[in-house]
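What follows is a short report on a single structure.
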Amino acid sequence: MVKMLWTAALFLLPFTVDAGGKLQARAVDVSTPTLPDRKPFGFASLVTGGGASTDNNTYVVENMMDFRTALKLTTPRTIYVKGELKGSQINKTTNGNCQFYIDSSRVPEYNFTLYIMAMNETYTDAVKAAEAAGEEFEGRNATEYLNLLNRQNGWRGQAQNVQKSWESIDAQGDVTLIGWDSDAYLNGVSLNFNDQSNIIIRNLRISPPQDCFPAPETYPSSWNARYDAISFVTTTNAWLDGNILEDGPEPVAPEPFIWGWQVDRFDGLFDVEDGSDNITFSHNIIANHHKSLLWGGGEKEGSRDIGKMKFTVFGNHFVNSMSRNPLVRFGTVYIANNVFSNYNNKAPLYNNTATQKRAAYTPDFQYNVGLYNMSSVLMSGNYFDQTGQFPDDESKIFTFSDLATPENPATLCSPPDLSADEIAAYPGLKSLASPVSQLNGKDVNLTENVANKFTYYLSTKTDSVEGGLVQSCAKFGEQAMPRSFDSGADVFAYVKENAGQLGRNTP
6 MVKMLWTAAL
16 FLLPFTVDAG
26 GKLQARAVDV
36 STPTLPDRKP
46 FGFASLVTGG
56 GASTDNNTYV
66 VENMMDFRTA
76 LKLTTPRTIY
86 VKGELKGSQI
96 NKTTNGNCQF
106 YIDSSRVPEY
116 NFTLYIMAMN
126 ETYTDAVKAA
136 EAAGEEFEGR
146 NATEYLNLLN
156 RQNGWRGQAQ
166 NVQKSWESID
176 AQGDVTLIGW
186 DSDAYLNGVS
196 LNFNDQSNII
206 IRNLRISPPQ
216 DCFPAPETYP
226 SSWNARYDAI
236 SFVTTTNAWL
246 DGNILEDGPE
256 PVAPEPFIWG
266 WQVDRFDGLF
276 DVEDGSDNIT
286 FSHNIIANHH
296 KSLLWGGGEK
306 EGSRDIGKMK
316 FTVFGNHFVN
326 SMSRNPLVRF
336 GTVYIANNVF
346 SNYNNKAPLY
356 NNTATQKRAA
366 YTPDFQYNVG
376 LYNMSSVLMS
386 GNYFDQTGQF
396 PDDESKIFTF
406 SDLATPENPA
416 TLCSPPDLSA
426 DEIAAYPGLK
436 SLASPVSQLN
446 GKDVNLTENV
456 ANKFTYYLST
466 KTDSVEGGLV
476 QSCAKFGEQA
486 MPRSFDSGAD
496 VFAYVKENAG
506 QLGRNTP
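Under my numbering, think of the first position of the sequence shown as 6, with each following residue one higher.
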């Protein structure tokens with residue numbers, strides 16, 4: 006287990022305002038936690054965050070009001086989060102909820118149930134028929150009711166913006182954000198960094214807000230929710246280490262709703278797009294979510310992402326993360342020495358002797374790594390810890406989409422699967438040539454695995470073509486990880502002990 010260490014320090018507590026109206030902070034003698042002695046590495050090796058912590062740039066926050074203020078400061082700073090901070094906290098006496106956000110908007114007649122009803126043509130046609138006949142509908146004036154239904158979609162965004170103004174924070178860069186201890190929890194908070202740089206986030210547990218006003222996509226359970234736990238847009242040089250990103254301690258089921266709809270109020274845990282770059286994601290727990298890490302925008306944003314979007318992913322524990330671990334578009338990602346734990350209760354998509362289409366179904370656990378448009382992914386020494394009815398199923402390690410340009414293919418490199426002669430051709434990858442990735446203690450050849458899965462995928466989908474995925478290590482250079490491992494068992498033990506917050510290495 007990780008031990009908690011403490012050291013005496015001087016830091017700054019909640020804010021005061023001086024005679025000139027300038028934001029100040031009050032200094033007191035207390036003790037601050039000492040985090041594991043880790044330094045930024047990989048693509049984020051030059052990150053400094055808020056820089057050296059001094060009496061004048063270090064804050065401890067214990068409520069959302071101070072937290073919002075500290076994150077929006079434009080000077081280099083270190084912020085400690087102490088205790089549980091709820092994104093819905095409006096002030097010292099008021100916490101928001103969905104009805105509060107509606108009542109606080111300019112559209113108090115918005116109603117989520119009516120919004121869903123208004124999208125059902127059969128239902129609205131019945132209201133129109135009652136209006137044409139001069140009749141009431143369900144005890145209402147049909148004309149007035151139809152007008153109310155027709156306005157729900159336009160009102161939704163206005164109500165949603167009120168929730169966003171409280172639970173989502175547009176943060177400034179040059180910041181080190183640290184959880185005080187294992188009780189440090191941003192509950193229902195979305196951190197947005199737009200066109201920022203130089204960010205360190207450590208030792209925090211974060212659950213994203215549940216969107217009061219999501220939009221339905223596909224019946225019955227696909228929705229477009231608004232909030233990620235952390236979002237980077239055109240943001241560079243960041244290190245996220247030792248955090249827990251999750252919906253909650255247990256998976257949060259979609260909410261049963263009218264006419265069979267199942268409302269999913271969550272979006273992503275850590276989404277990155279629009280030319281963000283030089284990010285290291287290490288020693289984190291990603292848990293109980295179904296679309297966790299989306300790295301890269303769509304095809305229209307490709308020109309902004311190509312040549313950027315570089316990530317190092319090391320020592321993380323994915324726990325019942327049902328997809329996007331990560332999903333990669335356009336970027337270059339080194340995925341080394343992570344553990345992927347999930348339960349798999351659906352039959353394999355294929356077996357090694359039959360990689361053609363079979364009866365369609367929707368699995369609970371979908372996949373781990375998504376290789377999408379022009380992505381370049383290196384995988385080394387990862388451990389797949391799978392339970393459930395089909396624990397040995399190797400068919401869901403990868404998935405693909407939009408690999409339709411052989412002239413600009415997606416690329417996978419798996420150094421442990423290369424021969425000695427092949428490794429000799431790439432001397433910079435020698436340190437990543439071991440250990441072999443494993444599934445439940447058994448070696449798994451990812452070179453063969455991805456080839457089999459792509460063959461299967463081509464037999465079931467039309468968005469990709471032969472040659473849209475290649476296997477090559479030519480474009481990957483040397484990258485040193487914090488430590489090396491002798492076996493998959495060593496990786497598993499290390500990640501289980503070191504991923505997560507101090508004193509909390511489980512969701």
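Heads up, the beta-carbon is just placed ideally off N, CA and C, and yes, glycines get one too.
Note that the structure is predicted; figures quoted are calculated from it, not measured.
Classification of residue i by the beta-carbon crowding that lies within 10 angstroms, buried from 16 upward
i: glutamate 278; result: buried
i: tyrosine 224; result: exposed
i: proline 512; result: buried
i: alanine 292; result: buried
i: arginine 207; result: buried
i: aspartate 42; result: exposed
i: leucine 51; result: exposed
i: glutamate 502; result: exposed
i: arginine 111; result: exposed
i: valine 66; result: buried
i: lysine 435; result: exposed
i: aspartate 468; result: exposed
i: threonine 63; result: buried
i: leucine 28; result: Note that leucine 28 scores a pLDDT of 48, beneath 50, so its modelled location is shaky and nothing firm can be said.
i: asparagine 125; result: exposed
i: alanine 49; result: buried
i: threonine 181; result: buried
i: valine 132; result: buried
i: glutamine 104; result: exposed
Identified DSSP bridge partners for residue i
i: alanine 243; result: Ile204 and Ile284
i: glycine 375; result: Leu332 and Thr404
i: arginine 509; result: Gln506
i: methionine 384; result: Ile340
i: aspartate 279; result: Aspartate 279 is not bridged to any residue.
i: histidine 322; result: Ile290 and Val344
i: isoleucine 249; result: Arg210 and Ile290
i: lysine 91; result: Asn192
i: serine 227; result: Thr223
i: alanine 234; result: In DSSP, alanine 234 forms no bridge with anything.
i: glutamate 260; result: Val268
Assumed close pair residue i, residue j - CB separation to whole angstroms, cut-off 8 Å
i: arginine 334; j: glycine 302; result: 7 Å
i: glycine 92; j: asparagine 192; result: 7 Å
i: asparagine 321; j: asparagine 289; result: 5 Å
i: lysine 305; j: glycine 336; result: Not confirmed; about 16 Å, so no contact.
i: methionine 327; j: phenylalanine 370; result: 5 Å
i: serine 236; j: aspartate 276; result: 5 Å
i: threonine 317; j: phenylalanine 142; result: Not quite, the Cβ-Cβ distance comes to about 59 Å (not below 8 Å), so this is no contact.
i: serine 170; j: threonine 239; result: Between threonine 239 and serine 170 the Cβ distance is about 22 Å, and since that is not below 8 Å, they are no contact.
Beta carbon of residue i nearer than 9 Å to that of residue j
i: glutamine 163; j: cysteine 217; result: no
i: alanine 234; j: leucine 250; result: yes
i: serine 385; j: serine 442; result: yes
i: lysine 351; j: glutamine 394; result: yes
i: phenylalanine 403; j: leucine 376; result: yes
i: valine 86; j: alanine 189; result: yes
i: serine 400; j: asparagine 356; result: yes
i: alanine 341; j: leucine 383; result: yes
i: lysine 458; j: phenylalanine 389; result: no
i: threonine 148; j: glutamate 136; result: yes
i: phenylalanine 490; j: serine 419; result: no
i: asparagine 450; j: aspartate 422; result: yes
i: arginine 82; j: tyrosine 120; result: no
Span separating the alpha-carbon of residue i from that of residue j
i: aspartate 252; j: asparagine 373; result: 18 Å
i: threonine 465; j: aspartate 175; result: 41 Å
i: aspartate 186; j: phenylalanine 319; result: 22 Å
i: tyrosine 339; j: serine 195; result: 26 Å
i: asparagine 330; j: lysine 480; result: 22 Å
i: asparagine 75; j: proline 113; result: Here residue 75 is alanine; the residue named in the question, asparagine, does not match the sequence. One C-alpha to the other measures close to 32 Å.
i: alanine 494; j: glycine 446; result: 7 Å
i: serine 424; j: threonine 452; result: 12 Å
i: isoleucine 197; j: isoleucine 205; result: Reading off the sequence, residue 197 comes out as asparagine, not isoleucine. Each residue's Cα considered, the two are about 14 Å apart.
i: asparagine 248; j: glutamine 476; result: 32 Å
i: threonine 367; j: aspartate 60; result: Any reading at threonine 367 must be qualified, since the residue scores a pLDDT of 38, below 50, and its modelled position is unreliable; no value is offered.
i: leucine 151; j: phenylalanine 262; result: 22 Å
i: asparagine 510; j: alanine 504; result: 6 Å
i: leucine 507; j: phenylalanine 72; result: 21 Å
i: aspartate 200; j: isoleucine 107; result: 30 Å
i: glycine 56; j: alanine 456; result: 45 Å
i: asparagine 158; j: valine 268; result: 16 Å
i: proline 214; j: glutamate 140; result: 42 Å
i: asparagine 68; j: leucine 90; result: 6 Å
i: threonine 53; j: glycine 178; result: 11 Å
Min CB distance residue i to chain B below 9 Å
i: glycine 312; result: Among the chains of the structure shown, chain B does not appear; only one protein chain is present.
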